Each structure stands twice: as structure tokens, then as C-alpha cells.
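Written below as C-alpha cells is the structure these notes are about.
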Amino acid sequence: MVTPNSEKKCNKNKYIYLIIFMFALMILDAIAENIKGVFVPIFKSTLNINDSVIGIWLFVGSFAYIIFTYLGGLFSRKVGQKKVFISGMLFAILATFLFSITKSMGMLFVDTFLINAALALCAIAINTLIPFIAVSFQAVLMNLTHFFYGFGATIGTSSAGYLLNKNISWQKIYLGVTVLYIVMMGIFYFIKVPEVSINKETNSSNKLELNKTLVYAFGIALGFYVFAESATVTWFVNYMEKGFNLGIGSATKYLSAFTAVFTIGRLLGGFVVEKFGELRSVIVSTVIAIILFVTGIILAEKGLIFIAESGLFFAITFPTIVLASSKVFKSDSSYVMGLIVSSASVVSMILNAILGSLNQAFGPSRAFFIIPISLFISLCAQFYINNSLRKN
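Start counting the sequence shown at 2; every next residue gets the next number (the working numbering).
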């Protein structure tokens, strides 16, 4: 006989397995996304492309992420998160396999479009499931999810650098990632995913109209931050190699240090936010990140450690801004969150393309200043949001 308690316990166990799977998938997605930063110098030399092309390449990836974030949201409503997970992993298997046989610039663009489509589908599935399976600990689960992403980024960048030093080609590394996605696909067959019904949110278009400026402010705060984070991960190795003639192995150590302290910040940052408040914590953290980053660029090669250490203060910004916006726009949270994340992705996409051109025109040492400038713009938007909420 199945009692209510036993049924409740069964559901809890199913959610535990699903949560563990989502953590593991976040690690793998982070590896797949972040190893490209290590390979940028190799892509340039092997495929005979310059920094401007790299900027366009990143633009294509961001464009794919925006499209499939939107499509993934619609797909989740119609067929459920399980099929979105499956679609994302299938895209990832195809993309990483194509990376392993890539020999031309055109193929690189196709691979990047597909892997970003995969990452977007997996992310939307996870983000729409978290509120359903974690009613009382959404903030904890959100921060842990981002912690495991940072953990995966650290594993990915450090492992890629180590394997390259062992003369293992980037194509073989991508083939290894393909195998990992196939294993995850097999494990997913045994994971129970709840069917999440989407409740119709109350129509509060008048309220949204009144807060339209605030929506844009959240988009600017998140978008310029997302660019700063992604640009650091993608261009840091190139900055060190071209600016100071560091080998890939040595440069990767600094990138790994950045992602390592970034991961620690994600793990512990939630406690700081809980104690001092969301926006206050983000503002102070962003100020420190800007100071460290600018100091690092000014000190040139001696300042690389400061840039690496700034990762600790990058950490809480994304999850905390996301949580803050969901609290501000409660009645229209799904729509507004989609708008904010999409606008953030557009900002990041455009700025990545600009950074590629700046690298080509002025060199990496000068072009790298766009990252702290971007953080400063995000900081201004954060101050605006904080002041607006105080007045209201």
C-alpha cells in the first residue's frame, strides 16, 4: 500500500537525482563553453583567422544562444523540460563531435552555433525547473547551480591547458567531451523529470509600463556584466600570449586561477548576500572587481595576478541580479526575466564583436580596458536600480 508519506519520500528522491543530474550537466556545459578560451590562439594559427574574425565568431555564438533561449522557453511550455534537456544534449553531442573534425573557419562557425544552442536549451530547462522543485530553497539551489558551473569552468580550462601541454590536440579534447555528453544522455534515461504546468500570470501591463525603465536598467546591469565575465574567460589567454609572449601553459594557469576564485565566490557569496543585502553586495563587489582589473592592466605582466583575483568579486553578480529582478517583478517574472536575459545576451554579443575589432586595431593591452569600462557601466545601472527601489 502506498501511503502519502511514502509517495512524498519517493518524489523527494526523484528530485534529489534530478538536482544531482543538473549539477553534473552544469559542470559539463561549463567545460564545453569555457575551453574555447584556451583554444582561441590555436584557432587563430591553425585556421588562419584574426581577432576581428574571432569577434564575429563569438557574435555568432551569442546570437545562437539568444535564439535558442527564446525557443527553449516556448518548447518547455509545449512539450516539457525533459524533451528540452534531450534536445540540448543532442545538439551538444553533434556540436562537440563536429569540433573534433573541424578544419575550416566555416566549420568552426557552425560548431559554435550548435554548441551555444545546446547550452541555451540546457540552461532554460534547468532555470524553469528550479522554482518547481525547490520551493523553500530556490536561492540556495540557484547559487549552488552557478557554483557547479564555475567548478566546471575551472576543470575545463585547467584540464585543457594540461592536455595541450601533453601534446593532445584540441580536436581530441572535444572528442572526449562528446563521449561525456553521450554518457550523460544515457544517465538521463533513468532520471524522472516532473511535468511542470505553466500557470498563467496575471496581466499587469500597466505596472510593467511604469517600470519599463527599471527593466532596461536590469538588462544593462546584467548585460554589461555578462560581457565582462565572458570576455575575460574568452580573451584573457589571448591577452597574455599576445601582450607578454606567455606560453599557453603559463597563461592558462592565470585563467584557471580566475575561474577557481570565481567558483569559490559562487560557493560562499550567497551567505554574504544574505547578510548584507542583494544590491548592496553586488555594488561593493563590482567596485572591488573594477579596481583589481584596472590595477592589473596598468601593471602589465606583473598585474596578471590582480586580474585573476578579480574573479572572486565577479562571482555573485549574475545570480544575485537575477534573483533581485525576480523579486522586483513578481507578477510578470517569466516575461520580464526573459526580456532581461535576452537584452543582456544582445549587449554581450555586440560588445564581444567590438572587442575583437579593438584587439585588431589597437592590440590586446589597450583593448582589454573595455572589460573594466563595461563593469563600470553595469555598476552605474546597479546604482540606478538601488536608488529607484529605495524611492519606491
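C-beta atoms are modelled at their ideal positions from N, C-alpha and C, and glycine is treated no differently.
Owing to the predicted nature of the structure, the values given are computational and were not obtained by experimental measurement.
Local conformation of residue i per DSSP, three classes
i      : result
Ala38  : For the record, residue 38 in the displayed sequence is Gly; it is not Ala. Three-state DSSP puts Gly38 in a helix.
Ala1   : Only positions 2 to 393 of the chain appear in this structure, which leaves residue 1 out of reach.
Leu48  : coil
Lys254 : helix
Phe22  : helix
Ile371 : helix
Ile102 : coil
Ser1   : Past the boundaries of the shown model lies residue 1; the chain is included only from 2 to 393, so the question cannot be answered.
Asn388 : helix
Asn393 : coil
Gly177 : helix
Gly81  : coil
Gly364 : coil
Gly157 : helix
Gly62  : helix
Gly357 : helix
Gly248 : coil
Leu376 : helix
Ser206 : In this predicted model, Ser206 has a pLDDT of only 47, less than 50, meaning its place in the structure is not dependable; the value taken from the coordinates is given anyway. Note: Ser206 maps to helix in three-state DSSP.
Asn200 : Residue placement at Asn200 is flagged as unreliable, the pLDDT there being 48, under the threshold of 50; a coordinate-derived value is accordingly withheld.
For residue i, the first and last residue of its enclosing alpha helix (DSSP H)
i      : result
Ser311 : No alpha helix (DSSP H) holds Ser311; DSSP gives it neither H nor E.
Asn239 : Lys213 to Phe245
Val329 : Thr318 to Val329
Val194 : Neither: Val194 is in no alpha helix (DSSP H) and is coded neither H nor E.
Glu279 : Glu279 to Ile299
Expected contact under 8 Å - CB spacing of residue i and residue j to nearest Å
i      : j      : result
Leu223 : Ile386 : In fact, because the Cβ distance is near 10 Å, the residues do not count as touching under 8 Å.
Ala31  : Gly89  : Going by Cβ atoms, the distance from Ala31 to Gly89 rounds to 14 Å, so no, they are not a contact pair.
Phe314 : Ser282 : Not really, about 10 Å apart at Cβ, beyond 8 Å.
Ala232 : Ile372 : 5 Å
Ile284 : Gln383 : 5 Å
Pro42  : Glu196 : Wrong, their Cβ atoms sit about 46 Å apart, outside the cutoff.
Gln67  : Val347 : It is worth fixing the name first, because residue 67 is Ile in this sequence and not Gln. Sure, about 6 Å apart at Cβ, within 8 Å.
Ala187 : Val262 : The sequence shown places Gly at residue 187, rather than the Ala named in the question. Contact flag wrong, Cβ pair sits at about 34 Å.
Ile131 : Leu19  : Going by Cβ atoms, the distance from Ile131 to Leu19 rounds to 10 Å, so no, they are not a contact pair.
Ala93  : Ala121 : That belief does not hold up - the Cβ atoms of Ala93 and Ala121 are roughly 11 Å apart, past 8 Å.
Asn51  : Gln361 : 6 Å
Ala33  : Ile156 : Wrong, their Cβ atoms sit about 11 Å apart, outside the cutoff.
Heavy atom of the ligand SAH within 7 Å of residue i beta-carbon
i     : result
Ser53 : Although the ligand SAH was asked about, the structure shown includes no ligands whatsoever.
- prompt: How about the segment 85-99 and the segment 68-77: do they share at least three Cβ pairs that are nearer than 8 Å?
  reply: yes
- request: Would you check if there are 3 or more beta carbon pairs closer than 8 Å linking the segment 290-301 to the segment 158-171?
  value: Put simply, the segment 290-301 does not touch the segment 158-171. Fewer than three CB pairs are less than 8 Å apart.
query: Counting pairs of Cβ atoms below 8 Å between the segment 34-51 and the segment 143-163, do you hit three or more?
result: yes
- prompt: When the Cβ atoms of the segment 236-244 are set against those of the segment 140-149, are three or more pairs found closer than 8 Å?
  reply: no
message: Assess contact between the segment 179-191 and the segment 260-277, defined as three or more Cβ pairs (one per stretch) separated by less than 8 Å. Is contact present?
response: For the pair of segments examined, the segment 179-191 was found not to touch the segment 260-277: the number of CB pairs separated by less than 8 Å stays below three.
query: Are three or more beta carbon pairs between the segment 316-329 and the segment 212-227 nearer than 8 Å?
result: yes
message: Below 8 Å, how does it come out for the segment 352-361 and the segment 41-59: are there three or more Cβ pairs, yes or no?
response: By the Cβ rule, the segment 352-361 counts as touching the segment 41-59, because three or more pairs are nearer than 8 Å.
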